[in-house]
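J.:
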Amino acid sequence: MAEHLDQADWRPILAAMANPNARRLFAAIVLDESTGSIGLSPSKQRQATAMLVRAGLVREVEGRLVQQPEVFGRVLAAATEPRASGPERFLNERGEIDRYPYDATERHALLRLVADRALAVDEVVSEPELNERLAAFGPDAAALRRALVDEEILERTRSGSEYARTHDASE
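See the structure below:
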């Protein structure tokens, strides 16, 4: 499961360490103590184990939980990389929107960036084609499409079946 985790994301690690059961289990693993003697019910221990595995802090090897200390190095290395600026800072390393800015001007700039990457100037595409392109930015392509129209970055035909950049958005 940890293979799918963003290798530079500190949030699951912090969430695991904020959980007292996961913290207790992790301490036992690091100290090479019996995990059966830490006072957790089997269900709580399974939950704590799943949290630690998701965070990449431990993995199971031959029926034993083994710490993965290199996860800390990956997170620290990522923290020293230069951070994106402008609307790119709202995209993760895969180019997906990881959060929307509260500021209306920044939100508009992010949506213009998405439009720039998804649709060429003077290009007209069907709704399914646009949805497919917008899916690269996150799981809710329809909401993203509506936001682009609401912000007047994209316009749609009367039937709603085709979309194009507005003239203001392509300048």
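If you read the sequence shown in the UniProt record's numbering, its first letter stands for residue 1, the second for the next number, and so on.
Here a beta-carbon is modelled for each residue, glycine too, at the ideal position from N, C-alpha and C.
All of these numbers come straight from a predicted model, not from anything done at the bench.
Whose CA, out of T105, S37, R133, lies closest to the CA of R117?
T.: R133
J.: How long is the line joining the alpha carbons of P12 and V71, rounded to whole angstroms?
T.: C-alpha separation (whole angstroms): 11 Å.
J.: Output the distance between the C-alpha atoms of A2 and L119, rounded to the nearest integer angstrom.
T.: Residue placement at A2 is flagged as unreliable, the pLDDT there being 38, under the threshold of 50; the coordinate-derived value follows with that caveat. If I take the Cα positions, the gap works out to 34 Å.
J.: How about I13: is its C-beta nearer than 8 Å to some C-beta of chain C?
T.: In the structure shown, chain C does not exist; there is a single protein chain.
J.: Below 8 Å on the Cβ atoms is my contact criterion, and I expect V121 with R156 to pass it. Report the Cβ-Cβ distance as a whole number of Å.
T.: 17 Å between Cβ atoms; not a contact.
J.: Can you check whether the CB of R59 is closer than 8 Å to the CB of Q45?
T.: no
J.: Which runs of the beta strand (DSSP E) at least 3 residues long sit entirely within the stretch 20-88? Give them in chain order.
T.: 58-61, 64-67
J.: Under 8 Å: do the stretch 125-132 and the stretch 103-111 share three or more Cβ pairs, one atom per stretch?
T.: no
J.: Quick one: Cα of L25 to Cα of R74, how far?
T.: 22 Å
J.: If contacts are defined as beta-carbon pairs under 8 Å, then R145 and L130 qualify, I think. What distance do you get, rounded to the angstrom?
T.: 6 Å
J.: Taking only the alpha-carbon atoms, compute the straight-line gap between R89 and A136 and give it to the nearest angstrom.
T.: 16 Å
J.: Could you check what DSSP says for L91 in three-state terms: helix, strand or coil?
T.: Under the three-state reduction of DSSP output, L91 falls in the strand class.
J.: Straight-line CA distance for E96 to A55?
T.: 20 Å
J.: At what residue ranges does the UniProt domain "DUF2087" (97-165) contain a whole run of the alpha helix (DSSP H), taking only runs of 4 or more?
T.: 104-118, 127-134, 141-150
J.: What is the rounded straight-line gap between the Cα of Y163 and the Cα of A142?
T.: 13 Å
J.: Is the separation between the beta-carbon of A27 and that of L40 shorter than 8 Å?
T.: The answer is no: Cβ separation not under 8 Å.
J.: How about G86 and A115: do their beta carbons lie closer than 8 Å?
T.: no
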